[in-house]
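In my numbering, the protein residues as written are 211 to 673. Yeah, the Cβ is synthetic: ideal placement off N, Cα and C, and Gly gets one too. Owing to the predicted nature of the structure, the values given are computational and were not obtained by experimental measurement. Report on one structure; see the data block that follows.
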Ligand code: ADP
Ligand code: MG
């Protein structure tokens, strides 16, 4: 291995060290990437093996950490030596100009081996804060309750807080923002975030390794338990049972419980009734898709974080084409940036249009006739083989027609292909199915509701 350039030197000059790092980085990334993400980084000082740098925004750090962490790590190790470490501070513009930059946050980036380990990992992502969560009519109640809990975990009547709503609307962001606030404000409180499927996996592992008590005690020892996507516990009775006991312990001792779900408690079919009733003890708050103004505000804020400046028409174009998923709004900006920086394209209206189209296409590509059929069958409790054979039983015909209708709507398959997937039926059968469902939706609210619920489920499964 090549010896690190500066190993052993006593006094290091951060400018010189960073300049050498840049030379190395430049050899490994495109010019555009280099200019966009690395040139703006400024060295501040170097102490022992720790280089401190200044970054323009938190987002900036997250981007390079996600995409270039190993490059940075190997670079500073080769320049500074083993054990090299990088910390960063975020530059924030104050209102008056010419104010000195102030230090907002400091964080070990490439963790030094000697660095202190927390007693446990909270899995709360520092990227999700209240500050970068845009308020809108659709999330008002949930946001307000979350804020109150952040100030006083376990001490409000919002226990549990149950946040529900469709995909990509900010549930995970919001509940982790509470976590971050609590950890910051009450450093001694034990808070943990996890998704319910991880909870289930951990539980199964605990059973296999005979550590159920340890597992259960760990969660019972929390001051704040944030469990995301609780609908994943449906059909998992043992996990629900264990969670029931954890819930009781925490609730009785005034600890904060925060849950999210794709639907309100009462609609969680297959969830233990005792849990459903507990979910309703505190506050259930839904998150609705953002209205146009909120979508614009979100785009502006995200673009700002990226350091991008767009004319208003571009925001308006995106906000009127991507309407029901904030993750897609964000994805659109990232894709724009990637197209512009990686493929060196001009960031103009044409690129915006193409990018919006790509997002819509990739949304559709996620759905397959097989997935759709499987969700429909599961939802309506009908065997998948039945839907393909000749049965004319009423409920099977309905399931088949809904599956055809949704395949037509959500995939780009031809009528012929769709017919083939349903036991080799003719394309005219598919047309008939689509129009029957269309008219049923138009005349019957419960049918409309049913199809929408299944569609939501398909969308959720494909994320
Ligand atoms: P969900 O958990 O409801 O599926 P997420 O919380 O994962 O949605 O949100 C998807 C993306 O959209 C995340 O990157 C999140 O930061 C962003 N987002 C959602 N709601 C907002 C909001 N109100 N303001 C800013 N960003 C948001
Ligand atoms: Mg989520």
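Residue i CB to nearest heavy atom of the ligand MG below 7 Å
{"i": "residue 666", "result": "no"}
{"i": "residue 410", "result": "no"}
{"i": "residue 600", "result": "no"}
{"i": "residue 297", "result": "no"}
{"i": "residue 648", "result": "no"}
{"i": "residue 407", "result": "no"}
{"i": "residue 381", "result": "yes"}
{"i": "residue 438", "result": "yes"}
Residue i versus residue j - alpha carbon distance
{"i": "residue 536", "j": "residue 521", "result": "20 Å"}
{"i": "residue 532", "j": "residue 539", "result": "6 Å"}
{"i": "residue 527", "j": "residue 566", "result": "9 Å"}
{"i": "residue 379", "j": "residue 408", "result": "21 Å"}
{"i": "residue 616", "j": "residue 584", "result": "12 Å"}
{"i": "residue 534", "j": "residue 669", "result": "12 Å"}
{"i": "residue 491", "j": "residue 475", "result": "11 Å"}
{"i": "residue 594", "j": "residue 629", "result": "15 Å"}
{"i": "residue 283", "j": "residue 260", "result": "12 Å"}
{"i": "residue 256", "j": "residue 280", "result": "20 Å"}
{"i": "residue 304", "j": "residue 513", "result": "Its pLDDT being 33, under 50, residue 304 is placed unreliably by the model, and the measurement read from it follows with that caveat. C-alpha separation (whole angstroms): 19 Å."}
{"i": "residue 459", "j": "residue 400", "result": "15 Å"}
{"i": "residue 436", "j": "residue 243", "result": "37 Å"}
{"i": "residue 506", "j": "residue 525", "result": "6 Å"}
{"i": "residue 493", "j": "residue 368", "result": "5 Å"}
{"i": "residue 644", "j": "residue 653", "result": "14 Å"}
{"i": "residue 241", "j": "residue 561", "result": "20 Å"}
{"i": "residue 224", "j": "residue 336", "result": "27 Å"}
{"i": "residue 609", "j": "residue 450", "result": "30 Å"}
{"i": "residue 270", "j": "residue 541", "result": "16 Å"}
{"i": "residue 462", "j": "residue 447", "result": "22 Å"}
{"i": "residue 278", "j": "residue 661", "result": "43 Å"}
{"i": "residue 586", "j": "residue 655", "result": "18 Å"}
{"i": "residue 230", "j": "residue 627", "result": "58 Å"}
{"i": "residue 307", "j": "residue 268", "result": "Low per-residue confidence applies at residue 307: pLDDT is 34, beneath 50, and the placement is therefore not dependable, though the value from the model is reported in the following sentence. Each residue's alpha carbon lies about 20 Å from the other."}
Supposed contact pair residue j and residue i - C-beta distance, whole angstroms, cut 8 Å
{"i": "residue 393", "j": "residue 381", "result": "With 8 Å as the limit, residue 393 and residue 381 do not qualify as a contact, their Cβ atoms being about 19 Å apart."}
{"i": "residue 264", "j": "residue 248", "result": "Incorrect: roughly 13 Å between the Cβ atoms, too far for contact."}
{"i": "residue 228", "j": "residue 266", "result": "Their Cβ separation, rounded to whole angstroms, is 15 Å, which puts residue 228 and residue 266 out of contact at 8 Å."}
{"i": "residue 666", "j": "residue 376", "result": "6 Å"}
{"i": "residue 632", "j": "residue 598", "result": "6 Å"}
{"i": "residue 466", "j": "residue 438", "result": "Not a contact, Cβ separation roughly 15 Å."}
Backbone secondary structure at residue i - three-state DSSP
{"i": "residue 256", "result": "strand"}
{"i": "residue 332", "result": "coil"}
{"i": "residue 496", "result": "strand"}
{"i": "residue 262", "result": "strand"}
{"i": "residue 632", "result": "coil"}
{"i": "residue 438", "result": "strand"}
{"i": "residue 357", "result": "helix"}
{"i": "residue 652", "result": "helix"}
{"i": "residue 504", "result": "helix"}
{"i": "residue 375", "result": "strand"}
{"i": "residue 403", "result": "strand"}
{"i": "residue 471", "result": "strand"}
{"i": "residue 390", "result": "helix"}
{"i": "residue 528", "result": "helix"}
{"i": "residue 466", "result": "strand"}
{"i": "residue 300", "result": "strand"}
Residue i and residue j closer than 8 Å at C-beta
{"i": "residue 470", "j": "residue 440", "result": "yes"}
{"i": "residue 592", "j": "residue 607", "result": "no"}
{"i": "residue 420", "j": "residue 338", "result": "no"}
{"i": "residue 371", "j": "residue 355", "result": "yes"}
{"i": "residue 511", "j": "residue 344", "result": "yes"}
{"i": "residue 486", "j": "residue 478", "result": "yes"}
{"i": "residue 238", "j": "residue 288", "result": "no"}
{"i": "residue 443", "j": "residue 481", "result": "yes"}
{"i": "residue 516", "j": "residue 547", "result": "yes"}
{"i": "residue 623", "j": "residue 664", "result": "no"}
{"i": "residue 500", "j": "residue 360", "result": "no"}
{"i": "residue 604", "j": "residue 568", "result": "no"}
{"i": "residue 456", "j": "residue 430", "result": "yes"}
{"i": "residue 509", "j": "residue 529", "result": "yes"}
{"i": "residue 358", "j": "residue 497", "result": "no"}
{"i": "residue 625", "j": "residue 582", "result": "no"}
{"i": "residue 332", "j": "residue 385", "result": "no"}
{"i": "residue 452", "j": "residue 413", "result": "yes"}
{"i": "residue 647", "j": "residue 611", "result": "yes"}
heavy atom of the ligand ADP below 7 Å from residue i C-beta
{"i": "residue 640", "result": "no"}
{"i": "residue 537", "result": "yes"}
{"i": "residue 338", "result": "yes"}
{"i": "residue 349", "result": "yes"}
{"i": "residue 357", "result": "no"}
{"i": "residue 669", "result": "no"}
{"i": "residue 607", "result": "no"}
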